[in-house]
Every structure is written in structure tokens, then in C-alpha cells.
Amino acid sequence: MIPIFCINLERATERKELISKKWIDELGLDIIFWKAYDRRDIERNIYPYPYNKDLTINNLKRELSSGEIACSTSFCKLYEHILDNNFEEAIIMEDDIFPLIKNKQELFETIIEGKKEYSESNFMILHRKKNLIKTQKIISQKKYFSEINPVPWGNMLIYLDKTAIKKTYEILKQMICPADNAQRILSDKKELNVIVVNDSLCRHDTDNTYIGNDFRNSHRNFIK
Numbered sequence: 004m005i006p007i008f009c010i011n012l013e014r015a016t017e018r019k020e021l022i023s024k025k026w027i028d029e030l031g032l033d034i035i036f037w038k039a040y041d042r043r044d045i046e047r048n049i050y051p052y053p054y055n056k057d058l059t060i061n062n063l064k065r066e067l068s069s070g071e072i073a074c075s076t077s078f079c080k081l082y083e084h085i086l087d088n089n090f091e092e093a094i095i096m097e098d099d100i101f102p103l104i105k106n107k108q109e110l111f112e113t114i115i116e117g118k119k120e121y122s123e124s125n126f127m128i129l130h131r132k133k134n135l136i137k138t139q140k141i142i143s144q145k146k147y148f149s150e151i152n153p154v155p156w157g158n159m160l161i162y163l164d165k166t167a168i169k170k171t172y173e174i175l176k177q178m179i180c181p182a183d184n185a186q187r188i189l190s191d192k193k194e195l196n197v198i199v200v201n202d203s204l205c206r207h208d209t210d211n212t213y214i215g216n217d218f219r220n221s222h223r224n225f226i227k
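Positions 4 to 227 (our numbering) are the ones given, in order, by the sequence shown.
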């Protein structure tokens, strides 16, 4: 079975509660919570990976925010863990998404179909915004997945094989881009084959559950 990791900030207890209710209790998925790196540590100048401001500005034309550095660090630490434990593939989710699937089989079957449709793919984006077709060029579209350029932003729900994990890790540990920019860089260089699901398997929490340091209770009706 493919391991599933959910990146969760330790103090974001309501988000963990939401994932536990919707994805674990209701869908029966075995999810491993991965402790996210806190931007407050970045603001205290605790950098697990060296951050080169000048190199980042040269690459992005701007600096990374403390939150972006913390997010990239969280993914990077997780990729290290996956590689150290010799996992051949992994599913990674963020902690503020609601499922649009009815059962866990849909998740794994979609990945299986993606491998069939695009056998060369090694990175699958399993979420898709409604307006994606307006902003991205579809290169190839099949029943379950499409090849799209440029690769859309976001790491809400993604699948990676070992090759994708290694290459994405090598980009991220340089701390020169946001976490979800790594697959764009690699895709543009033709070093990563990224496909995007046609029917999103999740939706983003748009109820302001979490804003900055403040946790909201507006989603309580979803998890009771």
C-alpha cells in the first residue's frame, strides 16, 4: 500500500481533527501525520537548510517569506524521511482539504489509472481548480489525467514516485523556491513528467479555518 502523509503544524489541532474525521474515520485511510516546520522558528533564525537570500532573489525576483521557507522545509524533511526509509512512492496531502471521493478505493484507483494513461509520469497532482483550463494549456488529455503547461501551483494532494521525490528534494533543499514551485522548475526542464487529474479528488478549505496564527471555528459543522 502506498504510504499517505499529511503535513500538519503541531499547533494546528483543528486541522488535524478535520483530517482525522474526514479522511481517516469516514474514508478509512491510513494517514501518517508529519510534523510541519513552524515559521516561528524561521523568524527566530533557526534554518534547518541554509537560506541564500541573493540566490533566491535571482531565481524568484523576490525573497521567500518565513512561511514559504517553513513550508519548503516541511516538505524537504518529509522527502528525506521517505528516501531514508526506501519508500518507492508516496501520497502527500496538506491539512486543510476536504475529500471529494466517496471511498478510499477512488484515491488508489485514480493513481492506477494515471499510471496506465501516462506510463512515463512520476508526479500526479490529484487536485484541480475549476478555472485551471482558463489559465493552463492542455497538451494532452485522457479520461483521468491531462498533461498541462505550465504545471499548476499547489501541493494540496499529490502522488510522487521515488524518482520524483529525489528530484524534488534536490531542488527544495536549496531553499530557493516555494514548495510547489519545485515541480514546475523540473517540469519546465523536462526532468519530471507531471500530470493533473481531470476530476479533483479534494477541495481546499475555503471556510477560513486557519488565518495566520488564528484558528477559526467556522468549520465545526463539518466535523461534528
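Even for Gly, the Cβ is constructed at its ideal location relative to N, Cα and C.
Three-way DSSP call (helix, strand, coil) for A167 in this model: The residue given as residue 167 occupies position 164 in the sequence shown. Helix, per DSSP.
E116 versus Y147: straight-line alpha-carbon distance, rounded: Here residue 116 is taken as the residue at index 113 of the sequence shown, counted from 1. Here residue 147 is taken as the residue at index 144 of the sequence shown, counted from 1. Distance between the alpha carbons of E116 and Y147: 7 Å.
Assigned exposure category for R42 - 16 Cβ within 10 Å defines buried: As a working note, residue 42 is residue 39 in the sequence shown. By the neighbour-count rule (16 or more Cβ atoms within 10 Å), R42 is buried.
Pair within 8 Å by beta-carbon distance, W37 and C74: Along the sequence shown, one-based indexing puts residue 37 at 34. Along the sequence shown, one-based indexing puts residue 74 at 71. No, these two residues do not count as a Cβ contact at 8 Å.
Spatial distance of Y50 from Y40 (CA atoms): Indexing the sequence shown from 1 puts residue 50 at position 47. Indexing the sequence shown from 1 puts residue 40 at position 37. In a straight line, the C-alpha of Y50 is about 10 Å away from that of Y40.
Boundaries of the alpha helix (DSSP H) in which I114 is found, first to last residue: If you number the sequence shown from 1, residue 114 lands on position 111. Segment K107 to E120, the alpha helix (DSSP H) holding I114.
Heavy atom of the ligand MG within 7 Å of L58 beta-carbon: Of ligands this structure carries none, so the ligand MG is not represented either.
Contact between the stretch 58 to 73 and the stretch 176 to 188 (3+ Cβ pairs under 8 Å): Pairwise C-beta distances place the stretch 58 to 73 in contact with the stretch 176 to 188, as three or more of them are shorter than 8 Å.
Cβ separation of Q186 and F111, assumed to be a contact under 8 Å, to the nearest whole Å: As a position in the sequence shown, residue 186 is number 183, starting the count at 1. As a position in the sequence shown, residue 111 is number 108, starting the count at 1. Their Cβ separation, rounded to whole angstroms, is 21 Å, which puts Q186 and F111 out of contact at 8 Å.
The stretch 95 to 108 in contact with the stretch 9 to 28 per 3-pair CB rule at 8 Å: Counting C-beta pairs with one atom in each stretch, the stretch 95 to 108 and the stretch 9 to 28 have three or more that are closer than 8 Å, which means they touch.
Beta-carbon proximity list for N158, same chain, < 8 Å, skipping 5 on both sides: Translated into the one-based positions of the sequence shown, residue 158 becomes position 155. Same-chain partners within the cutoff: F78, I95, E97, A182 and D183.
Span of the alpha helix (DSSP H) around E150: Counted from its first residue, the sequence shown places residue 150 at position 147. E150 -> not in any alpha helix (DSSP H); beta strand (DSSP E) instead, spanning F148 to N152.
Residue burial classification, I198 (beta-carbon count within 10 angstroms, cutoff 16): Locating residue 198 in the sequence shown gives position 195, counting from the first residue. Only buried fits I198, as 16 or more other CB atoms lie within 10 angstroms of its CB.
For S190 and I34, the rounded distance between their alpha carbons: On the sequence shown, residue 34 is found 31 positions in, with the first residue counted as 1. On the sequence shown, residue 190 is found 187 positions in, with the first residue counted as 1. Distance between the alpha carbons of I34 and S190 is about 28 Å.
Residues near C205 in its chain [Cβ-Cβ closer than 8 Å; skip 5 each side]: Position 202 of the sequence shown holds residue 205. Result list for C205: M96, I100, F101, P102, L103, I104, L129, H130, M159 and L160, in chain order.
Distance between Y52 and T138 (C-alpha atoms, nearest Å): Reading the sequence shown from its first residue, position 135 is the one you call residue 138. Reading the sequence shown from its first residue, position 49 is the one you call residue 52. Roughly 33 Å between the two C-alpha positions.
Residues of its chain near I151, where Cβ-Cβ distance is below 6 Å and the 5 sequence neighbours each way are ignored: The residue given as residue 151 occupies position 148 in the sequence shown. Cβ neighbours of I151 beyond the five flanking positions: Q139, I141 and V199.
Contact under 8 Å by Cβ, E120 with K145: Position 117 of the sequence shown, counting from 1, holds the residue named residue 120. Position 142 of the sequence shown, counting from 1, holds the residue named residue 145. Yes, the pair counts as a contact, with Cβ atoms nearer than the cut-off.
Reference N196; option with closest CA among S124, L30 and K107: Mapped onto the sequence shown, residue 196 falls at position 193. Of the candidates S124, L30 and K107, the one whose C-alpha sits nearest the C-alpha of N196 is S124.
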